[in-house]
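Quick note on my numbering: the sequence shown kicks off at 3 and runs consecutively.
Every residue gets a Cβ at the ideal spot worked out from N, C-alpha and C, and that includes glycine.
See structure below.
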Amino acid sequence: MRFYSTNNTNKKRTFVTLKDAVLRGLAPDGGLFMPQKIPRLPNNFFKKIQTLSFQDISFIIAKSFLSPDISENDLRKIIDQAINFDAPLKKLSDDTFVLELFNGPTAAFKDFGARFMARLMKHLMGNIKSKLIVLVATSGDTGSAVASGFLNIKGTQVVILYPSGRISNLQEKLLTTMGNNTIALEIKGTFDDCQRLVKQAFIDVELNKHLRLTSANSINIARLLPQLFYYFYGWSQLKNYDKEVVISVPSGNFGNLTAGLIAKKMGLPIAKFIAATNINDVFGEYLTTGTFRPRPSQPTISNAMDVGHPSNLARILELYDHDVNKIRTDISHARFTDAQTKKAVFQVYKKYHYIMDPHAAVGYLGLTHYFKNHSGGRGIFLATAHPAKFSEITKKILKQNLEIPKRLKIHLQRKKQSVVLSNEFATFKDFLLNLVF
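Encoded structure:
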């Protein structure tokens, strides 16, 4: 399949190959790559989906986008190596379910995309000898997932940008202690500053003349496509389909929601998606007014969602022909404060003995808010990170310690290693030009 830029508004679009789209990350015109078409899955796929493994489902979906560019044999190897942990659907009540996406190496949903992307990039690079520099802006979980996904992948150097003082202690430890082929840049600013620096790097002529740059954020189509896999797999675990299904997605940069919308376009029978946000609700404002007004993000306890200028809105607009009324037919929205988020964590634990991280709590709130006015359906909300990654917050709410998984605990004993930079592009550019391999 070929891909085009969201900034390419000409009737006669320019298309690039899978290799160009993945290894570039961001289009030369600053747009995000989109597939030439969204493939529609056949009805028999949904009839047999309950008999398929997570890996089988992932392979079928990936093949619909990546074949024949990637042979079935090579693609199967990539899937089996990348999607080697579960995404179980847990039942809280007859009509409320949580899809747990935090069973990977860094305990966040970003592990699915990062592991798949790293292996796909390695395959596409082939015999290219020049170092590929993977730039990634993170608001919490993306950085460590990418660092883990690319760990010891030959020919790659990962550069992570994160906002100083705006992520949890464990999140910071994870992305600053990977070492090997990873460098962590602690930016004096917000996540939006980090994302801006990465985007500027891709369109800077001098940088691209001397360095081979690519992105590992969800602006890279190779990070986005694997996120489709768990929507289909989660739906397959429902077993009973006698009611409409809605999915609440805790949303920040909107890559996760975009993946869900693509899954719906492919035939996944989801009646509605709920874009659940914290107080950084520029998307909700857009749905209400039809005007997109980006602004600086405000810090919250659901920090991975502290985004004031979500990149993937460009893809959502493209999916719906830039028509806000069409978008409203598939997406509902609700915003929640930190106080509401904390209350939800406490109430769900008291009622169901289930511990949510703050981001999952926002997703849960989105679901309950929707069902106040729309009864009779079944709801799934996404748990995007292990609650132990936010143990300082959950401990205060629940008055108890959380057991930290061993795969995370080892990073707490390691020494943080980061380079502190201003949020000025000239400083960041100078750093990249002086990288020593």
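Where residue i sits in the DSSP three-state scheme
i	result
E174	helix
Y6	strand
S60	helix
P298	coil
L230	helix
S150	helix
R42	coil
V207	helix
V18	strand
P271	coil
P312	coil
A89	coil
E74	helix
Y322	coil
L54	coil
G181	coil
I80	helix
G257	helix
A304	Reading off the sequence shown, one finds Ser at residue 304, where the question assumed Ala. In the structure shown, S304 sits in coil (DSSP, three-state: anything other than H, G, I, E or B).
N327	helix
G292	coil
L435	helix
I406	coil
K13	coil
R225	helix
K397	helix
R416	coil
S220	coil
I169	coil
G262	helix
Residue burial classification, residue i (beta-carbon count within 10 angstroms, cutoff 16)
i	result
N46	exposed
V136	buried
Y366	buried
S95	exposed
H413	buried
M313	According to the sequence displayed, residue 313 carries Ser and not Met. Per the 10 Å Cβ criterion, buried.
R416	exposed
K353	exposed
D88	exposed
H355	exposed
Y372	buried
A387	buried
I318	buried
L434	buried
I357	buried
E74	exposed
H335	buried
Y243	exposed
G181	exposed
H311	buried
Q159	buried
Q83	exposed
Q300	exposed
Beta-bridge partners of residue i, as assigned by DSSP
i	result
A186	I162
L134	T158, R214
Y243	BP columns for Y243 are empty, so no partner.
A385	E102
R337	T279
R380	V247
L512	The structure shown does not extend to residue 512, since the chain is modelled only from 3 to 439, so the question has no answer here.
S95	T98
F67	In DSSP, F67 forms no bridge with anything.
A110	A387
L28	L34
P252	A278
A139	L163
Distance between beta carbons of residue j and residue i, contact taken as under 8 Å
i	j	result
K418	E174	7 Å
N255	L384	Not quite, the Cβ-Cβ distance comes to about 14 Å (not below 8 Å), so this is no contact.
P360	I382	Going by Cβ atoms, the distance from P360 to I382 rounds to 18 Å, so no, they are not a contact pair.
I276	V251	7 Å
R337	T279	5 Å
Q239	L91	4 Å
L34	A316	5 Å
M119	L25	M119 to L25, Cβ: 11 Å. No contact.
F2	G27	It is not possible to answer for residue 2, since the shown part of the chain is limited to 3 through 439.
*At 4 residues or longer, and completely inside the segment 340 to 379: list those alpha helix (DSSP H) runs for me, N to C.*
The segment 340 to 379 contains these whole alpha helix (DSSP H) runs: 340 to 354, 360 to 373.
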